[in-house]
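Peer 1: The following block contains the structure, expressed as structure tokens.
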Amino acid sequence: MDVMLMGLSGRQLPYRSTRRCLLDQDAVVSALPEDRTRSVHVRMIDAAIPAGLKRVIPTEYGNNTYPAASKLDVRYEVSRWKLGI
């Protein structure tokens, strides 16, 4: 199915343009590789606040491909992220 028919679009852009691209948007859905997730999400949120964005849906809400991930409690993962570990 063509995502454009569903009203979705994707953009790859330099960070300086991020805030301008977030203006007049309701949400952004992040689909970043896991090795860059934390620093990029912080910058995305920093750009989203002055742009008035209402929702940032981070990569963590996507699929986790690690076999043991299904056994982890979601609260554990959130706590690890908040503690930076």
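Going by numbering that gives the first Met the number 0, the first residue of the sequence shown is number 0, and it counts up by one from there. Glycine included, each C-beta is placed from N, C-alpha and C at the ideal position. Note that the coordinates shown come from a computational prediction; the quantities given were computed from them, not determined experimentally.
To the nearest angstrom, how far is it from the Cα of Ala67 to the Cα of Gln24?
Peer 2: Roughly 36 Å between the two C-alpha positions.
Peer 1: Pop quiz: Ala47 and Val27 are said to be a contact at Cβ under 8 Å. What is the actual Cβ separation, rounded to whole angstroms?
Peer 2: Yes, they are in contact, since the Cβ atoms of Ala47 and Val27 sit about 7 Å apart, within 8 Å.
Peer 1: Taking all protein chains shown into account, do 16 or more other C-beta atoms lie within 10 angstroms of the C-beta of Leu22, making it buried, or fewer, making it exposed?
Peer 2: Leu22 comes out exposed.
Peer 1: In whole angstroms, what is the alpha-carbon distance linking Arg18 and Pro49?
Peer 2: C-alpha separation (whole angstroms): 8 Å.
Peer 1: Mind checking which residues open and close the beta strand (DSSP E) that includes Ala26?
Peer 2: That run of the beta strand (DSSP E) goes Ala26 to Val28.
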